[in-house]
Structures are given as structure tokens and as C-alpha cells.
Amino acid sequence: MSTTLYSAFVPVFIHYLRQLHATLAVAENHERRTGKPLLRAGLAEGMFPFAQQVTTACGFTVRACCPLLGADAPVLAGGDQDWNALRIRVEATVAWLEQVPAEPINAAEDMQVVTQAGLVSPVFSGSDFALSYALPNFFFHLVTAHSILRSHGVPVGKEDFDGYHQYQPGFSFPQTK
Numbered sequence: 055m056s057t058t059l060y061s062a063f064v065p066v067f068i069h070y071l072r073q074l075h076a077t078l079a080v081a082e083n084h085e086r087r088t089g090k091p092l093l094r095a096g097l098a099e100g101m102f103p104f105a106q107q108v109t110t111a112c113g114f115t116v117r118a119c120c121p122l123l124g125a126d127a128p129v130l131a132g133g134d135q136d137w138n139a140l141r142i143r144v145e146a147t148v149a150w151l152e153q154v155p156a157e158p159i160n161a162a163e164d165m166q167v168v169t170q171a172g173l174v175s176p177v178f179s180g181s182d183f184a185l186s187y188a189l190p191n192f193f194f195h196l197v198t199a200h201s202i203l204r205s206h207g208v209p210v211g212k213e214d215f216d217g218y219h220q221y222q223p224g225f226s227f228p229q230t231k
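In the working numbering, the protein residues as written are 55 to 231.
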């Protein structure tokens, strides 16, 4: 089976959003156990807090598909105000992605896509937009959300992030000096 534009990013979004959904439960349980709030926790001044990293990651998946589909971005259920709203947003995003048809995405490889990136409006081919812009931006926000949790003591690891790795309980990598 050959790789298509659709198969290179839409199923990837779905897989990692499902992993994120499971991670939300771990984070919420940690918050309840410790009393340390996580939704507004961040890594550094000027960066989005955890909940906004999650909703931004979700938003990038939709923003990646809509131009290639010739469609406006939908308003999805959920939000970032509490754990339930975050779960609903991730679920709504996955449900929306699951109905994205492959054919128009694959046909959009060479279409011109203009997007807003901060203060600039870069122009991409459809494939470059999806693979060089949207996918890395999705992972930036996903990794940042995961890093916020780790930095606040939430017991999540690579196996939670990608669902492929497995380690024995208590495993940690040796520290180098």
C-alpha cells in the first residue's frame, strides 16, 4: 500500500488525539490526588497553558484538513474551561476527522494553500501545508501539553504519548552528565 497525503497525516492526528484523550484522564486523576491545578499550568511565561495547548493541537488538525477540503473550519464542541470540556473537544475533533474523506485530501496535493502563521501569510502546496506546516504544529502543541504535565509531576511517559512504547513500572532512562 502506498502512502497518500491523507494517510500521511489524518490517521496520525486521530491516533495521537486518542492517546491525548487517555492522557487527560491520567492528568485529571493526578490533579485530584495532589490538589495541584493543571489546566492553567504552563512551561514558561508567554506560552499557552496546558488546556490551551490541547485545544490548539485539536484546532490544528481541523485547520490542516479544511483548506484541502475547500471547507470552512467547523465550530467543535467542548473547550478548555475544565476537564470535561477538554475531553469533549478531543472527542469531537476525532469524530470530525473520522468523517474526513480521503479523495479530496489526496487530490489537493498540488493546490495552493495560504495560511496565517503569526504575522505572516505563507503559501504552500497542499502536501507541504499538511506535512511541513500543520503536522509539525500539531506535534508542537501536543508535545508541549505533554511536557507541561511531566514538568508538574504527572506520571505520563512516552508510552502514554505514542501508545507504542512499553516500559517496566518504575523505569527511567539513565541520566548523563
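Glycine is no exception: its CB is placed at the ideal position from the N, C-alpha and C atoms.
Check, Outcome
"Buried or exposed by the 16-neighbour rule on C-beta atoms within 10 Å, applied to Leu-140", "buried"
"Which listed residue (Gly-100, Ala-111 and Asp-136) has its alpha carbon closest to that of Arg-72", "Ala-111"
"At least three beta-carbon pairs within less than 8 Å, the segment 203 to 219 to the segment 117 to 133", "no"
"DSSP-derived helix/strand/coil call for Ser-226", "coil"
"Contained alpha helix (DSSP H) runs [length at least 4] in the segment 121 to 162, N- to C-terminal order", "137 to 152 and 156 to 161"
"Cβ neighbours of Met-165 in the same chain (closer than 6 Å, five flanking residues each side left out)", "Gly-180"
"Span separating the alpha-carbon of Arg-87 from that of Lys-212", "22 Å"
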